[in-house]
Every structure is written in structure tokens, then in C-alpha cells.
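Remarks on the structure that follows.
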Amino acid sequence: MAPEEILSSVEPSRREFLKKVIAGTTFAVPLMASFSMEGLSVESAWASNVTTNQPPLCSNMSGSPCCTLAVEIAAGIGALSFGTAQELESFGGKVGSGGQGGAITDGGPSKEASFFDVRPDVPRPEGGVAPGCPGGPVPTRAAEGLADAIAVTSSYLYWVGSDLAVTRAPLSTGIPEKLTDTSARGTAIRVDAARIYWDEGSSIYSLPLDLSAGATRLAAGAGHWAFGSGRVFYSRRSQTDGNFLEEIVSVPVAGGLPSLLVSNVLVANDMVADATGVYWHDWRAYDSGSGSIEKYSFVSASLGTPFPSARIPQRIVADGSRLTWVEGQFILGYPLAIQWASLDGSTGGRVSDGWPNVWVLGTDPTNAYWTSEDSDDAHGFSNLWTATFAGAGLRKLACDITSPTAIAVDATSVYVASRLGTIWRIPKQ
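Numbering (our numbering), first residue to last: -17 to 411.
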């Protein structure tokens, strides 16, 4: 499919620019598969366009020309790349739908092909063998599932994903068990001693671990959310006299009326919680030149001082001992840093820096774990790294994981979900 065909319905003033973008991204399927357009919500844009017959807009950037342009670029790249992938069948790789395919042989072990495998000259080890590194730990398949978010306990792995279900699998067998259906994909899943918590669309639900009752909807109209200290916290927006206001509220884990924690907030990215408070990223603090992680303290029942070392935080993790995040502007290939701070933000440090495209981040009491793409490999394939919070002991634990989507950490292993539908168990040692 030629670029001119793809762009026939695009405004003439934009065609030349989009033609250059599309022509330069013939092999862009791995990029599109792994590029998380969190701030643009392209899927919501398509849905809006179909259901309202309006120009494509993004869910949180209504009317943004930038978002509209992003949707057009995504459409063009996707169409051209799919056509290119079909043509590449003559190279020996068969392209299928839904991430399934034939096999690609490159002189080594047979490797499963997927829609994303449009470059037969680049090895794709994950489909046929575990993504281990020479001399490193040996990964094993913990479970098979298309996970957008995962959580691990001493006995089970839990996830939500594109199959629109809450699923768990025993760590001992890896056999999936669907617990309940969902109406939409989720962004996070949490588990405590008694219940499971997840989101679907703008609603948050909980379910007893023993399945003694059905799912309870804890919130509707929720934005970002977090679980901690026995309550669920979430942001919500209201409109007064044409002005949008955002506030953070909390609700009991078994359901009930929400209680207001703090008003006049702007939750830009992740929200997390621990036993001491709720944390979120507020762009307004960055714009004013101060730190941009805010904390609502349960002890003082008030906002503290923004964390001074956080400027553009992503992938925030709260483990009860510290806050850890990916620092930097999340542009493809832009070098990012792994940073941490004490629970009040007064002290902290940098674990490591110079990492492109950090898709997932997890922690344990001593180390941080993250994935980063190898500059020598095709886009969409990441290695798993770890280092202590003091920045020592940098090690590569796994190689060539296809488009990591989620991470969880327990006492002995790191679990990383792949876009190809495998959740890998990677030993720490």
C-alpha cells in the first residue's frame, strides 16, 4: 500500500508531512506495538470518532490538534506496516492476526512469529525460547496471558489485560483461572490479604480472594487510582461554571461513600499509596519550577512539600520504604534516569541513568528493576536490568523481552509480562 493511498482522505495541507513520517516507518510495527500513548489515549480517540461522528479527539486533550495529528499518524503507520508485513511473507515469516503467526527460522531454533515480527533478519528469541542472557539467570514461563498489569503474592500471579478478564495462576503450575469478566482493559491491579482491586474504564472494583461474593464497584468516574492503608484512593473531576476541578477522594475497600482528601489537584500521571500517604505527579509544580511529586500525608491530613528531586516523574512505585520513579521526558529514545526519594522527599538519590524507553519499573527492599531497549536491537525489544538503590551492582537479568507491559517483584523473582502473551519469571540471582 503506497503512502498516497493511505493519505487520500487526509487534508492536503498535512499530506506532505505525513507522507514523510509514514515513508520513514515501513518497519514501524514494533514501535507502534510498544509505544504507550498514555497521554493521548488513541483508542479513546477512535471510539469517540465512531460513536459521535466527530473528528478524532483524545480523552484528556479534547480538541487538541496534536492529538488529532497523532491519530492520523498512527493510522497511516499501522496501515502501511500491515501491508509491508504481508509482503514480507516471501521471506519466510507468516503474519497472522491477534499476535499469532507461523515460524521464522534464522539458522537457530524455530521462533514463533507474530504480527510484530516483520523483520526476519532480526532474531526473535522470545517466542521459542526464554529471554535469557548468556551467563545470566534462566527465565521460565510463569503463565500465559495478555497482561496490562500484574500483581504477585506468595501463591498466585494475578493480572488484567486485553482478554477483558481478571485472571490468576498458581505460581506452582501457571494454569490460568478466570475470576471475573471485565468491561474494559485495566491499568493496574492490587492484592491484599483479603481482596483484589482493579480498574476497568473509569470504574474501580474489588473482589474477595476466596470468591465468596461477586465484584463490588468501589468508584465510578475515576481517573488515576491507588490502593494503600486499607482504602482505595482515586482522582475525579467535576465541572462548575464551565471550569473543570479535580480532587482526590478515598473509599473503603469493601465499598461505601467516598471521603474527600484534597481538592484543587492535577494528577498528571501515576498515583500510588503506602501506609503513610498518597502520592501523585502534578504538572503545575513542574511549571512553577519546583518538584512535581505531591504527597497527602495520613499523619498530618494535609499536603506536604513537593519532592524537590522529581521534575518529570513516570512509573512511580511506592514500597513503604521509599518512592522510586523514572525521571525524564518520555520521548522515544530519550535517556531516562531511575531515581528514588525518602517518604517525605527530603533525601534521595539516583540508581542509574542514560536508559532509553523504560517501559516498566519495580522494586524490592534493596534493588530497583527496570526494562530498557537495547540501542543495537530493533525497537520493541527490551532487556531487564537491576541495581541497588545506592547505584551499585548493575546487572542484566534478561534479554530481548518483546514489548514489556507490566512488572511485579517478589522475594526471589521478577515477573515481566510480554506483549506476545507470556508472563516471564526471572530469578534475581
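Beta carbons are placed, not taken as given, at the ideal position from N, Cα and C, and that holds for glycine.
1) To the nearest whole angstrom, what separates the beta carbons of Lys244 and Ala208, a pair I think is in contact under 8 Å?
2) According to DSSP, which residues form a beta bridge with Pro190?
3) Do you know offhand how far Gly238's Cα is from Tyr187's?
4) Can you look up Trp265 in the DSSP assignment and give me helix, strand or coil?
5) Give the DSSP-derived three-state secondary structure of Pro386 in the structure shown.
6) What number of angstroms, rounded off, separates the C-alpha of Ser154 from the C-alpha of Ala283?
7) From Thr164 to Asn365, what distance separates their C-alpha atoms?
8) My output table needs one value for Trp207: the three-state DSSP class, helix, strand or coil.
9) Assuming Ile157 and Ile405 make a contact with CB atoms under 8 Å, what is their CB distance in whole Å?
10) Is Gln411 helix, strand or coil when you go by DSSP?
11) Alpha carbons only, please: which of Val333, Val308, Gly362, Ala380 is nearest the one belonging to Thr370?
12) From Thr329 to Asp145, what distance separates their C-alpha atoms?
13) Starting from Gly336 and walking both ways along the beta strand (DSSP E), at which residues does that stretch end?
14) Suppose the cutoff is 7 Å on Cβ atoms and the five residues either side in sequence are ignored; what does the same chain contact list for Phe280 look like?
15) What residue range does the beta strand (DSSP E) around Thr353 cover?
16) Is it the case that the stretch 134 to 151 contacts the stretch 116 to 123, given that we only count it when at least three CB pairs across the two stretches are under 8 Å?
17) In angstroms, rounded to a whole number, what distance separates the CA positions of Val235 and Arg213?
18) For the beta strand (DSSP E) containing Val235, name the first residue and the last one.
According to the data block:
1) Numbered from its first residue, the sequence shown carries residue 244 at position 262. Numbered from its first residue, the sequence shown carries residue 208 at position 226. Note that residue 244 corresponds to Val in the displayed sequence, not to Lys. Going by Cβ atoms, the distance from Val244 to Ala208 rounds to 13 Å, so no, they are not a contact pair.
2) Here the question's residue 190 lines up with position 208 in the sequence shown. Answer is Arg177.
3) Numbered from its first residue, the sequence shown carries residue 238 at position 256. Numbered from its first residue, the sequence shown carries residue 187 at position 205. Taking the straight line joining both Cα atoms gives about 12 Å.
4) Against the sequence shown, residue 265 aligns to sequence position 283. Looking at Trp265 - three-state DSSP - the assignment turns out to be helix.
5) The residue labelled residue 386 in the question sits at position 404 within the sequence shown. In the structure shown, Pro386 sits in a strand (DSSP, three-state: E or B).
6) Working through the sequence shown from its first residue, we reach residue 154 at position 172. Working through the sequence shown from its first residue, we reach residue 283 at position 301. Computed Cα separation, rounded: 42 Å.
7) For the purposes of this step, residue 164 is taken as the residue at position 182 of the sequence shown. For the purposes of this step, residue 365 is taken as the residue at position 383 of the sequence shown. Rounded to whole angstroms, Thr164 to Asn365 spans 31 Å at the Cα level.
8) Counting from 1 along the sequence shown, the entry for residue 207 is found at position 225. In the structure shown, Trp207 sits in a strand (DSSP, three-state: E or B).
9) One-based indexing of the sequence shown puts residue 157 at position 175. One-based indexing of the sequence shown puts residue 405 at position 423. About 13 Å separates the two Cβ atoms, so there is no contact after all.
10) Indexing the sequence shown from 1 puts residue 411 at position 429. The answer is coil: DSSP assigns Gln411 none of H, G, I, E or B.
11) Here the question's residue 370 lines up with position 388 in the sequence shown. For the residues Val333, Val308, Gly362, Ala380, the minimum Cα distance to Thr370 belongs to Val333.
12) Residue 329 sits at position 347 when you count from the first residue of the sequence shown. Residue 145 sits at position 163 when you count from the first residue of the sequence shown. Between Thr329 and Asp145, the C-alpha separation is close to 42 Å.
13) Sequence index remark: in the sequence shown, residue 336 carries index 354 (1-based). Per DSSP, Gly336 belongs to the beta strand (DSSP E) from 330 to 338.
14) Taking the sequence shown and counting its residues from 1, the one referred to as residue 280 is at position 298. Contacts found: Ser211, Thr258, Gly259.
15) Residue mapping note: residue 353 aligns to position 371 of the sequence shown, counting from 1. Start and end: 349 to 355.
16) no
17) Numbered from its first residue, the sequence shown carries residue 235 at position 253. Numbered from its first residue, the sequence shown carries residue 213 at position 231. Taking the straight line from one Cα to the other gives about 5 Å.
18) Taking the sequence shown and counting its residues from 1, one reaches residue 235 at position 253. Neither: Val235 is in no beta strand (DSSP E) and is coded neither H nor E.
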